[in-house]
Amino acid sequence: MVDFNYTTEQPLAVDVAPITDSVVPTAATAYKRGDLLVIAAGTNVATHSNTETGAQADWHVICLADVTAEQATAKIAAGVEMPVYVAGKFDVAQVKLNGVALTPTQKLAARAHANRSLPITLSVVK
C-alpha cells in the first residue's frame, strides 16, 4: 500500500474580507505569496522589503500570489499588474521575505511596523 502524505499551507489571510489592489512588478523579479513588498511612490512598482536591515520596517503591502521572474516581465510587457493585499488581518507565520519565512526578530519588527503605520495587521495565529 502506498503511503500518501498530504500537506496544506496555512491560509495567509485570516480576515474574512481582506482588501486587495494591484501593483506593477519589477522586471525579471520573482515574488512569492506572502512576501512583504515596498511600493515606490509615483510609479506603483513593487520591490522586496530590505532583508539587509533586519528591521522590515519599509514594507507597504503583502504579495497575494506567486509570480515568477518570467511572469513579472511578461506582465510589464502586457501592461498587467500583479495582485497584493493592502489591508486586512494576516498570519505573521505565513509572511515572507523573498520567499523565506521571517525569523522571530523579523516577525516582531514587521508587526511593529504594521501596528504603527499600516491598515494591515500581522497576527500570531495558533
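Residue numbers (our numbering): 1018 to 1143.
No residue lacks a Cβ here, since even glycine has one placed at the ideal position from N, Cα and C.
Using C-beta distances below 6 Å, list every residue in its chain close to residue i, excluding the 5 sequence neighbours before and after it, in chain order.
i	result
N1115	H1065
M1018	Any reading at M1018 needs caution, since the residue's pLDDT is 47, under 50, leaving its predicted position unreliable; the model's value is listed next. Taken in chain order, the list of residues that qualify is empty.
Any idea if residue i is buried or exposed, counting beta-carbon neighbours within 10 angstroms, 16 or more meaning buried?
i	result
I1036	exposed
V1084	buried
V1101	buried
R1133	exposed
Among the residues of its own chain, which have a CB less than 7 Å from the CB of residue i, if the five just before and after it don't count?
i	result
V1031	K1106, F1107, D1108, S1140 and V1142
T1068	L1114 and N1115
A1045	A1086, A1089 and T1090
Taking the alpha-carbon of residue i as reference, which of the options has the nearest alpha-carbon?
i	options	result
P1042	V1033, V1078 and Q1027	V1078
V1097	L1053, V1062 and A1131	V1062
T1199	L1125, I1093 and S1134	Lying before the first or after the last residue shown, residue 1199 is absent from the chain, which here runs from 1018 to 1143.
A1131	K1049, D1038, V1103 and A1082	V1103
V1040	P1121, L1119 and V1055	V1055
If residue i sits next to residue j, beta carbons under 8 Å apart, how far is it from one beta carbon to the other, in whole angstroms?
i	j	result
Q1123	Q1073	5 Å
If you scan the segment 1063-1102 from start to end, which runs of the alpha helix (DSSP H) of 4 or more residues do you find wholly inside it? 1086-1095
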